[in-house]
Structures are given as C-alpha cells and as structure tokens.
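Trainee: For the protein sequence lines, the chains are P and L, in the order given.
Residue 166 in this note's numbering sits at position 153 of the first sequence, with consecutive numbering throughout.
Residue 1225 in this note's numbering sits at position 154 of the second sequence, with consecutive numbering throughout.
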Amino acid sequence: MSWRTVTTEAKLLLIGIPVLIWTMLPIYNLFLFAISPKESAFAGNLWPDHPTLRNFALVFGEKHHYLEHFWLQLWNSLIIAVSVGALTLFVATCAAFAISRLKVRGGRTVMNLALFTYFIPAAFLAVPMYKTMGLYGLLNNQWALILAMLTIAAPYSIWVLKQASDKLPFELDEAARIDGASPLQLFRLVYLPLMLPSMVAIGTYALLLAWNEYLYAFLLLSNDRQITLGVALGNFLAADDSPWELLMATGLIYALPPAAIYYTFKRYMVGGLTAGAVKS
Amino acid sequence: MSTLVLPRAEPALPVGPARKRMSPYQKWGMILLVPYVLILIVFVLYPVGYGLWLARHPESYVKLVDDPIFARSIVNTLVFLIVGINLKMVVALFLSGFFVQARTWIKWLSLLFILPWAVPSIPTILSVRFMLNPEWGVINHLIFKFTGTDGPNWLNDPTIALAMAILMHIWKSLPFWTLILIAGRMAIPAEHYEAAAVDGATKWQKFMYITWPSMRTLYLTSLILSMIWTLGDFNSVYLLTGGGPADLTHVLATLGIRYLRLDQVDLSMAAIVCALPLVLPLVFFMMKRLSR
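#1: Could you check whether the segment 230-248 of chain P touches the segment 1179-1197 of chain L, counting it as contact only if at least three pairs of C-beta atoms, one from each stretch, sit closer than 8 Å?
#2: L:HIS1212: buried (16+ other C-beta within 10 angstroms of its C-beta) or exposed?
#3: Within the continuous alpha helix (DSSP H) that includes L:ASP1137, where are the two ends?
#4: Taking buried to mean at least 16 other C-beta atoms within 10 Å of its own C-beta, is P:TYR281 buried or exposed?
#5: Does any C-beta atom of chain P lie closer than 8 Å to the C-beta of L:VAL1354?
#6: Considering only their Cβ atoms, is the gap separating L:PHE1201 from L:VAL1322 smaller than 8 Å?
#7: Could you check where the alpha helix (DSSP H) with P:ARG121 kicks off and where it finishes?
#8: Three or more C-beta pairs under 8 Å: does that hold for the segment 94-102 of chain P against the segment 1097-1105 of chain L?
#9: Please report the Cβ distance between P:ILE93 and P:ALA252, rounded to the nearest whole angstrom; I am assuming they are in contact, meaning their Cβ atoms lie under 8 Å.
#10: Using the Cα positions of P:VAL173 and P:ILE215, report the straight-line distance between them to the nearest angstrom.
#11: Taking all protein chains shown into account, decide if L:LEU1333 is buried (16 or more other Cβ within 10 angstroms of its Cβ) or exposed.
#12: Among P:ILE171, P:LEU27, P:PRO210 and P:GLY147, whose alpha-carbon lies nearest the alpha-carbon of P:LEU320?
#13: Quick one: Cα of P:LEU151 to Cα of P:ALA157, how far?
#14: Please report whether the beta-carbon of L:LEU1333 lies at a distance below 8 Å from any beta-carbon of chain P.
#15: Run down chain P in chain order and give the residues with a C-beta less than 9 Å from the C-beta of L:GLY1315.
#16: For P:ARG118, decide whether its Cβ has a neighbour in chain L, counting only Cβ atoms nearer than 8 Å.
#17: What first and last residue would you give for the alpha helix (DSSP H) that runs through L:MET1279?
#18: Which word fits L:GLU1265, buried or exposed, when buried means at least 16 other C-beta atoms lie within 10 angstroms of its C-beta?
#19: Can you give me the C-alpha to C-alpha distance between P:CYS107 and L:VAL1146, rounded to a whole angstrom?
#20: Using 8 Å as the threshold, is the segment 1154-1169 of chain L in touch with the segment 1234-1254 of chain L, meaning 3 or more CB pairs across them?
#21: Please list the residues of the segment 207-237 of chain P that have a C-beta atom closer than 8 Å to any C-beta atom in chain L, keeping them in chain order.
#22: How is L:TRP1207 classed by DSSP in three states: helix, strand or coil?
#23: Are the segment 111-130 of chain P and the segment 1341-1351 of chain L touching by the rule of at least three beta carbon pairs closer than 8 Å?
#24: Of all the alpha helix (DSSP H) runs that stay within the bounds of the segment 1201-1276 of chain L, which reach a length of 4 or more residues?
#25: Which ranges does the alpha helix (DSSP H) cover as unbroken runs of at least 4 residues, wholly within the segment 213-277 of chain P, from first to last along the chain?
#26: Report, in whole angstroms, the separation of the C-beta atoms of L:GLY1222 and L:PHE1215, which I expect to be a contact under 8 Å.
#27: Which value, in whole angstroms, describes the spacing of the CA atoms of L:SER1307 and L:ILE1328?
#28: My parser needs the alpha helix (DSSP H) runs of 4 or more residues fully inside the segment 1143-1202 of chain L; what are they?
#29: Should P:ILE5 be labelled buried (16 or more other beta-carbon atoms within 10 Å of its own) or exposed?
#30: List, in order along the chain, the chain P residues whose C-beta lies closer than 8 Å to that of L:GLY1327?
#31: If we ignore side chains and look at the alpha-carbon of each, how far apart do P:GLN176 and L:MET1093 end up?
#32: State buried or exposed for L:PHE1217, treating a residue as buried only when at least 16 other CB atoms are found within 10 Å of its CB.
#33: Would L:THR1312 pass as an interface residue toward chain P - the criterion being a Cβ-Cβ separation below 8 Å?
#34: Is P:SER195 close to chain A, meaning its C-beta is less than 8 Å from at least one C-beta of that chain?
#35: State the start and end residues of the unbroken alpha helix (DSSP H) segment that holds L:TYR1117.
#36: Got a sec? Which residues, its chain only, sit under 7 Å from L:VAL1076 by beta carbon, not counting five neighbours each side?
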C-alpha cells in the first residue's frame, strides 16, 4: 500500500467517523434509555451498569398509566397504516391507469391538481382539513385520519405510478384492444402484473407515511382508546415527571417496524421512489 | 368469467384527442378516476376553499401583524429556509461524493446513514430532546467530562433552540437528499472522469467541469422541493422545542397549529395565507418541472 492510498483512506475515515457519530447518536441514546433501569437512565453513562429488559416488560404489561392502552394503540397504528396503504394503492392505481393508459379526458387537469396538493406543505393543509373534518362530523373517528392520510399519500403515488406506466409500451395496449380486451381486462391482465414493482413501492410508501404521521394524528384523534402509538408517545410530554425510560422503550418498539419494512423493501423503495422524487 | 367481445368497428386508437362518442375506454377511464376526484373535492378543494373563506376578514390580519410571535415566526422561518436548507444541501452534495466511493465499509455505513429517514421522527426527536437536557442529558455530561464546565441550557435559549431545531431537521432529512444526489452522481458516465484524469484534471476541476454541470438542475430542483417540505416541517420544531422558550422558536408551520389549538382559526388561516406568496411560486416551479 502506497503512502497515497493511506492518506486517501485516512481522509475517508475522517469523513466517515463523524458521519457515523452524527447519525447514530440520537438512535443510540434512544436505545440506551430503553435498556437502562430507571435510576441509571439519567446518569449520563455511555453504557448502563446493569442493562435490563424490564422497561419492555413494563410496556408490554401496560404497567403504567401512560401505557394503559399500549396494545390497543399499537393496533390502531397498524390498522390505520394498513388501511391507508391499501386504499392509496387502490385509488392511485385506478387513477394512474385512467390518466396514463386510457388517456381519459381531464386526466391532465386531475394530475396537475394532484401535484398541487402534493406540494402544499402538509402542516398548512392540516388547519383547513381539521376544520372540515369537524364539519363532516369525523373528528375523533379513525376514518378522519385514514382519509386525511389517503389524501396526502395519493398525489405522489399517482404521479409515481403514472411515470412508471407511461414507460410501458403502448403496443401492449393496442394488441390487447385489437384482441378485443375490455378496459377492465386490460387493467387486470396487462396493466397490474406489469406495474407490480411500482405498486409495492407505493403501498410501502403510503403505509410508512401513515404509521409515522404525528401532526394529523394528534389533531384528528384525541381519545386515548383511538389514538395511534405515535400520538401516545407525544402525550408523555404532558408531565415533567413522566417515565422517560418507558417512553424511550415504547419509542423503540414504535420505530422498529418501519425500519424493518424499509430495509426489506429497500430495493423497491430506492429504485421506485428516489427516481420518481426528483426528475431532473 | 370474462366474455370476449368482437373487435369494435372504430379503429383501435387509444391515443389522440377526445372523440365525439364516448368509447368504453373513455367511460371506464372516468369511472376509475372517480375515487380520486372525490377525494380531491371533499378533502382538498373544499377544505382549501373553506380555509380561505375563514381567512377573509381584514381584522384577522391586523391582529396577526400586531402579534409579536408572528413577526418572530416569519424571521425564524426565513432563517430555517435560508440557513438550514442551504447547509443541508451543501452537506448532502458533499456526502454524496463520499458515499459513491467504492469501499465495503462505506456501503455498510450508508445502510446506517439512512436510519434517520427510515424511522419515525417522534422517538428520535424526543431522544434528542433528552440528549439536550441541561441536567441529565448526555451532551452536557460529555461536555462536563471533557471540559469540567457546564454546557449551555440548550433548549432554554431561543437562538440555540432554533439552531437545534434546524439541526434536527437536517438530521432527519439529510439521508434522503444525499440518496437523491447519489443517484444524480451515478448517472454521470464514468468515461468523463477517466478522460479528465488522463488530461490531468484536479479534483476541484473534475467537480467544476463534470460533476456540477450535470447535477446543477437536480440540485436546484432538490433545493426548491426541500424548501417546500421544510415549510411544512412541524415535527422538528414542535417536538423539540414546542415553540418555546416563550414562543420564540415558532415557525409558520407550528404557528398555524398554535392558533388552531388556541381556538383562533381565523388567525391560523391568516398566517397560512401570509405564507402563500412564498409557497405558491415554489409550488408552480415544481409543478412545471414535474408535469413535463
């Protein structure tokens, strides 16, 4: 190894180590709190003297009044995320097919309106959305959150699916039409199988978006038995003497599924989403 | 059960302008578009119209301008956008160059590097909030260990608290933008760099004459999109500082929600309407870019 390679490697390490510390510090701190007994959680050590899984046992056993409905809230998060994923997939695939393959009249306008929705900052849309959900009588109903997240997830999903389906050769459709395929047969037998990879990406995107959402969930739901786990975590902040180590243990549990899903579907996510996110 | 129908007499041309009689393809296109159009009307167009109607009173704007928190929020938002985003994108551009280096350990590091983006923001932001606690947070422990002095009271000083919120935002979204810029760098043909190496170009020259020209458009688009998203970043500020101390670290995204929680919806909508001159040009820029 020449001197030159050694300095190059050293320079790379000089970037890599700070990047590692910067990235992992908050996550490590989360983990550290979660495995620390209550007394030593605040000692500031980089590793607890007596690491323990007791916090998780307390969380799973719902042994604190902040955690009274832990399992129910976890279930709420799950059911809402899955519903948003499924509904987004349905709505967006239908719309993308209609716009891209059937060239429906007005499709371009709808696409532009969808893009416009996508670009309104979500925190700005939250205020009128909250008021409107009140008018519709949906406040404190989980459908409010599902429909709100569907509204937020759909535009980008339609756009990504439309980009992907514009790339499919039109000869396919023409051949199917000449063979007399009805629009629905075209959709079911030609379109869906070819779009499967993009649909996996979009389903995952919508699911994660809904699972991770805080603002809309906290605005639209308030009953302890209806809120998602994310909102429940935020509620710990209401008191100064909350059991922070339990909060962090719950937070870790809440963070694991999306991380696992992300790494499982990374292939689809990175290919399907980043390519679509910014078209230069 | 599917029955095959005979080919239609009309030519099978799906593309092209609307025809007078509605073909089954048009009919089904409209049916399939209905679910999304309904969502658009019920949950976007109507709420937006209703919100603008709520913001119609001039008095709301007078009250808003009289509120010192509003002025402070505008300044904070601009600092967030100008300092935060530029810092984030420059670092992302730099790191994208680091992550394209072919090393096994860099590949592993890139898997970890994506974590902030892959996990939900609530637990990690709360974790940072605890790290910054002046009495028992790990940061001040480390500062005390190494320097023997007490660290600052991070979230109790409006300037430091805002800086921390900006860093929080960068921590969360840096991986995403780095990924985007890595994709941009990978698209540059390797031959360009090889040719430049043969000509004896320096690293800086390679960047200026090969990398930057081919990434300029992507970088600009990312910058604008990132601005729009940052305007809507509620979590980084709300969960870290709660807008405090003394409501001095609010940005427009949290201010609107603050008024809403105080039952002052007209002020909330007025604050959002005041942000529109900033948001709409960015939105139209992005729409033009994406709808090509």
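For each residue, glycine too, the CB sits at the ideal point set by N, CA and C.
All values reported here derive from a predicted model rather than from experimental measurement.
Mentor: In this structure, then:
#1: yes
#2: buried
#3: 1129-1137
#4: buried
#5: yes
#6: no
#7: 120-132
#8: no
#9: Actually they do not touch by this definition, with Cβ atoms about 26 Å apart.
#10: 8 Å
#11: exposed
#12: Because chain P spans 14 through 293 in this model, residue 320 of chain P falls outside it and cannot be assessed.
#13: 5 Å
#14: no
#15: Those do not exist, as L:GLY1315 stays about 12 Å from chain P at its closest Cβ, beyond 9 Å.
#16: yes
#17: Looking at the DSSP string, L:MET1279 is not in any alpha helix (DSSP H), and its letter there is neither H nor E.
#18: exposed
#19: 43 Å
#20: yes
#21: TRP224, ASN225, TYR227, LEU228 and LEU232
#22: coil
#23: no
#24: 1209-1218, 1229-1257 and 1261-1269
#25: 228-233, 242-248 and 257-277
#26: 7 Å
#27: 14 Å
#28: 1157-1170, 1175-1184, 1186-1189 and 1192-1202
#29: Outside the shown range of chain P (14 to 293) lies residue 5 of chain P, about which nothing can therefore be said.
#30: ALA136, PHE137, ALA139 and VAL140
#31: 26 Å
#32: exposed
#33: no
#34: Reference to chain A is not applicable here, since the protein chains of this structure are P and L.
#35: 1117-1125
#36: Confidence is the limiting factor: at L:VAL1076 the pLDDT is only 40, short of 50, which leaves the residue's position unreliable, though a coordinate-based value still follows. The answer is none, since no qualifying residue turns up.
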